[in-house]
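Here this note's numbering is used: the first residue of the sequence shown is 505, the next is one more, and so on. C-beta: ideal position from N, C-alpha, C; glycine also. Have a look at the structure below, then the notes.
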Amino acid sequence: MLSVGALGVVYGDIGTSPLYALRESFAAGGLEVSRQAAFGVASLMFWAMMLIVTVKYLLVVMRADNDGEGGILALTALISPTSQSHSGRVRWVLVALGLFGTALLYGDGMITPAISVLAAIEGFEVVTPAFAPYVVPLAAVILIGLFSIQRRGTASIGSMFGPVMIGWFGVLAVLGVSQIASHPSVISALSPTWAFQFVRSDPAGAFLSLGAIFLVVTGSEALYADMGHFGRSPIRIGWFTLVFPALTLNYLGQAALITEDPTAIDNPFFRMAPSWSLVALVVLATLATVIASQALITGAYSLTMQAVQLGYLPRLHVDHTSPREIGQVYLPTVNWVLMAACVGLVFAFRSSANLAAAYGVAVTATMLITTALLYSVMRNRWGWGPVVSGAVTALFAAVDAAFFSANILKVAAGGWFPLAVGAAAFAVMSTWRRGRELVDTKIMGSGLSIERFIASIAAHPQERVPGTAVYMVRKPGTTPPALLANLRSNEVLHETIVLVSVRTADVPVVPPARRHAVHDLGEGYVQVVLIYGFTEEAHVPEALASIVDPDFGFDLSDAMFFLGKESIIVTDEPGMAPWRERLFRFMQRNATSAAIYFRLPADQVMEVGTYVEL
């Protein structure tokens, strides 16, 4: 059942590439339709899927899971902990690369739904050219509907889409076989010999066509990012038993068709079908492309949640859509931003051919970055020797570099868009991370250790009032500024003072038994450290109530929560560039409040403001 669900979420992008990949390969390379070119392109497509999807991602990269969670940010988290294997500078470079690769996926995630839906709706133009004026508005309506149902959650969407995708891949296989039967020699294109002959006979055309041939593997990074939703085995089962065979048969079928009828290159996918089935096929293709959009959408949710937990983005509202699977989430802010971008792209580019010119630059760069990070994991996490690690990395890097080189030529034709989105996302994430470090330094740099504070209070006793005060503090062992401000204002302290620090581990999920650490500081002070994985949300009251410790008893009804709230003032002091400081201030103001993020009871929260100059 998980494999069926994975078909509806993970393989939508890769599964709908037959709608446009072969057509765009010939257009990008300026290729004349011939047996040599058709078989050569089909051979390159097959071996691209074999090397990138099968070998690199399914067999190697997906081994680099972070306790079951996948995606380039989870991969980066495997590198970021302090270790002796990397110097601080090398580790910083690797983490920055991982962060930039994550940022690039947002640009790719905006293009995927737009190009997939447009390519399907364009099938109606094959039925009747009179439908052409309605392609763009109908695609926009479908995309709006798709993003509107995301709040139902990945599980329910996957259960709806999975059976449809089984039918889709079945149709892909049947269409391919129908053409292969009339031209069985096309099966020889599975041999890499055809790819080598094609490249040798027309090096320039073959190189240019790589930018579009890459479209057959564009869902690979999303596949890795969605691993946390379904698990490694269901994703592999779906690929080897259904997806890979169906795609191979369909690409071979398209190559056979254009070999027999070169005019079919205008839309080889729909030309494979008999005329009586075209309307039904377009409807099915539209459903499949709606599903294709799901892979990048859910991947964007996962990556964003990980970025928030790891401290690269401000707090965002997250809805957990499954009571059983913690990785299935919905982020309204991300959802609506993606929707606006996708609809805008549809109206701006107006055809799948135009969008194909912009597609691939970002994801090829991300794949190269994944390969670089993977080498570090091979050497330092898996214990592979330098020869084996270097050989595997060199193979993957050579393939990635070839596709990246071909795609970089698309920058002027629209490839600048995902790069611009990636650069903007990287600026946001790096600015938030650096801004938080500066704020923490400002607040805690002149801060008082909690031991010295307790000793000072013991020497100069203050009035204690009944009840429990819970102070949220970023760094354990320090005195919360909110506690000092409260004491200065009211000149009283609560009978019990609990200092709570929430930390994010470099693993997706922390078992409940390892959730907390309690330290009795004496004089009614207790330090509690709550530890969560980077896919989990912190529920502070629930965690405090679940602590079983003879030195600690927590009664929610008797507690008041105190939060510090920083107001940022932009100055000329050294720190960040003025535009980054203003960006950080904007994000700080619009972040989800700590009370909501930590699930604190609204009527038991008091915020204490602090001005911080950056």
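message = To test your reading of the DSSP string, which unbroken beta strand (DSSP E) runs of 3 or more residues are found completely within the stretch 551 to 639?
response = none
key: Identity of the residue in 666, 909, 697 nearest residue 794 by Cα   = Locating residue 794 in the sequence shown gives position 290, where the first residue counts as 1. When each option's Cα is compared against that of residue 794, the closest is 666.
ask   = Within this structure, are the beta carbons of residue 671 and residue 774 separated by less than 9 angstroms?
value = Start at 1 with the first residue of the sequence shown, and residue 671 comes out as number 167. Start at 1 with the first residue of the sequence shown, and residue 774 comes out as number 270. It is not a contact, given that the beta carbons lie outside the stated cut-off.
Residue of 1068, 864, 755 minimising C-alpha distance to residue 676 = Taking the first residue of the sequence shown as position 1, residue 676 is located at position 172. That would be 755, whose Cα lies nearest to the Cα of residue 676.
ask   = residue 1001: which of 1008, 983, 1012 sits nearest, CA to CA?
value = Locating residue 1001 in the sequence shown gives position 497, counting from the first residue. Among 1008, 983, 1012, the Cα nearest to that of residue 1001 belongs to 983.
request  = Have a look at the DSSP bridge pairing and note the partners of residue 997.
outcome  = By 1-based counting over the sequence shown, the position of residue 997 is 493. Answer by DSSP bridge pairing, in chain order: 968.
inquiry  = For a minimum of 3 consecutive residues, which ranges assigned as the beta strand (DSSP E) are wholly contained in the stretch 881 to 935?
reply    = none
query = Cβ of residue 608 within 9 angstroms of Cβ of residue 926?
reply = Within the sequence shown, the letter at position 104 stands for residue 608. Within the sequence shown, the letter at position 422 stands for residue 926. The answer is yes: Cβ separation under 9 angstroms.
key: Local conformation of residue 1028 per DSSP, three classes   = Numbered from its first residue, the sequence shown carries residue 1028 at position 524. Of the three classes helix, strand and coil, the one that applies to residue 1028 here is coil, per DSSP.
request  = Could you check the C-alpha separation between residue 551 and residue 695 for me, to the nearest Å?
outcome  = Here residue 551 refers to the residue found at position 47 when the sequence shown is read from its first residue. Here residue 695 refers to the residue found at position 191 when the sequence shown is read from its first residue. Their backbone Cα atoms lie some 9 angstroms apart in a straight line.
message = Pull the bridge partners of residue 1003 from the DSSP assignment, please.
response = Numbered from its first residue, the sequence shown carries residue 1003 at position 499. Paired residue(s): 975, 1031.
query = Taking one C-beta from the stretch 857 to 867 and one from the stretch 904 to 921 each time, how about it: are there three or more such pairs within less than 8 angstroms?
reply = yes
message = Per the DSSP calculation, residue 1014 is bridged to which residue(s)?
response = As a first step, residue 1014 must be located in the sequence shown, where it is residue number 510. In the DSSP output, where bridge partners are listed per residue, residue 1014 has none listed.
inquiry  = Please tell me whether residue 942 and residue 1118 are closer than 9 angstroms, where the distance is taken between their beta carbons.
reply    = The sequence position of residue 942 within the sequence shown is 438, counting from 1. The sequence position of residue 1118 within the sequence shown is 614, counting from 1. Cβ distance < 9 angstroms, so residue 942 and residue 1118 count as in contact.
key: Cutoff 7 angstroms; reference residue 752; Cβ partners in own chain excluding five residues on either side   = Mapped onto the sequence shown, residue 752 falls at position 248. Closer than 7 angstroms at Cβ, skipping near neighbours: 550.
ask   = residue 1021 bridges to which residues according to DSSP?
value = If you number the sequence shown from 1, residue 1021 lands on position 517. For residue 1021, which the question treats as bridged, DSSP gives the partners 1033.
key: Environment of residue 588 [buried if 16+ CB atoms lie within 10 Å]   = In the sequence shown, counting from the first residue as 1, residue 588 sits at position 84. Confidence in residue 588 is poor, its pLDDT being 45 and thus under 50, which makes the residue's placement too unreliable to answer from.
inquiry  = Considering just the uninterrupted stretch of the beta strand (DSSP E) at residue 1115, what are its terminal residues?
reply    = The sequence position of residue 1115 within the sequence shown is 611, counting from 1. Element bounds for residue 1115: 1109 to 1117.
ask   = Taking the Cβ atom as the reference point for each residue, do residue 719 and residue 624 lie within a distance shorter than 9 angstroms?
value = Here the question's residue 719 lines up with position 215 in the sequence shown. Here the question's residue 624 lines up with position 120 in the sequence shown. It is not a contact, given that the beta carbons lie outside the stated cut-off.
Residues near residue 885 in its chain [Cβ-Cβ closer than 7 angstroms; skip 5 each side] = Sequence index remark: in the sequence shown, residue 885 carries index 381 (1-based). The answer, listed in chain order, is 582.
ask   = Hey, residue 686 and residue 764 are a contact pair by Cβ (cut 8 angstroms); roughly how many whole angstroms apart?
value = Looking up residue 686 in the sequence shown gives position 182. Looking up residue 764 in the sequence shown gives position 260. Contact flag correct, Cβ pair sits at about 7 angstroms.
task = Alpha carbon to alpha carbon, how far is residue 908 from residue 745? Give it in angstroms, no decimals.
result = Your numbering for residue 745 matches position 241 in the sequence shown. Your numbering for residue 908 matches position 404 in the sequence shown. Distance between the alpha carbons of residue 745 and residue 908: 29 angstroms.
task = State buried or exposed for residue 1079, treating a residue as buried only when at least 16 other CB atoms are found within 10 Å of its CB.
result = To locate residue 1079, count along the sequence shown from 1; it is residue 575. Residue 1079 comes out buried.
DSSP three-state assignment for residue 523, whether helix, strand or coil = Within the sequence shown, the letter at position 19 stands for residue 523. It is helical.
inquiry  = For residue 905 and residue 873, what's the separation of their Cα atoms in angstroms?
reply    = Your numbering for residue 905 matches position 401 in the sequence shown. Your numbering for residue 873 matches position 369 in the sequence shown. Taking the straight line from one Cα to the other gives about 11 angstroms.
query = Taking just the CA atoms, how far does residue 528 sit from residue 855?
reply = Counted from its first residue, the sequence shown places residue 855 at position 351. Counted from its first residue, the sequence shown places residue 528 at position 24. Approximately 12 angstroms, taken between the alpha carbons.
key: Cut-off 8 angstroms between Cβ atoms - residues of its own chain near residue 1046, not counting five sequence neighbours on either side   = Indexing the sequence shown from 1 puts residue 1046 at position 542. Only 1103 meet the Cβ criterion.
ask   = How is residue 981 classed by DSSP in three states: helix, strand or coil?
value = Taking the sequence shown and counting its residues from 1, one reaches residue 981 at position 477. Coil.
task = Drop a sphere of 10 angstroms on the beta-carbon of residue 797, count the other beta-carbons inside from all chains shown, and report buried for 16 or more, exposed for fewer.
result = Counting from 1 along the sequence shown, the entry for residue 797 is found at position 293. Residue 797 counts as buried, since no fewer than 16 other beta carbons sit within 10 angstroms of its beta carbon.
inquiry  = Which complete alpha helix (DSSP H) runs does the stretch 679 to 728 hold, if anything under 4 residues is left out?
reply    = 696 to 705, 707 to 717
inquiry  = Quick check: residue 1012 and residue 578, are their CB atoms within less than 9 angstroms of each other?
reply    = As a first step, residue 1012 is located in the sequence shown; it is residue number 508 there, counting from the start. As a first step, residue 578 is located in the sequence shown; it is residue number 74 there, counting from the start. Going by C-beta atoms, residue 1012 is nearer than 9 angstroms to residue 578.
Residues bridged to residue 1070 (per DSSP) = By one-based count along the sequence shown, residue 1070 stands at place 566. 1114.
message = Here's the rule: buried if 16 or more other CB atoms are within 10 angstroms of the residue's CB, otherwise exposed. What is residue 586?
response = Within the sequence shown, residue 586 is the residue found at index 82, counting from 1. The predicted position of residue 586 is uncertain, since its pLDDT is 44 and thus under 50; no value can be drawn from it.
task = Could you check the C-alpha separation between residue 911 and residue 1061 for me, to the nearest Å?
result = If you number the sequence shown from 1, residue 911 lands on position 407. If you number the sequence shown from 1, residue 1061 lands on position 557. One Cα belongs to residue 911, the other to residue 1061, and the distance between them is close to 60 angstroms.
key: Residues that DSSP places opposite residue 1008 in a beta bridge   = Taking the sequence shown and counting its residues from 1, the one referred to as residue 1008 is at position 504. Paired residues: 1036.
CB contact flag (residue 897, residue 882, <9 angstroms) = Working through the sequence shown from its first residue, we reach residue 897 at position 393. Working through the sequence shown from its first residue, we reach residue 882 at position 378. In this structure, residue 882 lies closer than 9 angstroms to residue 897 by Cβ.
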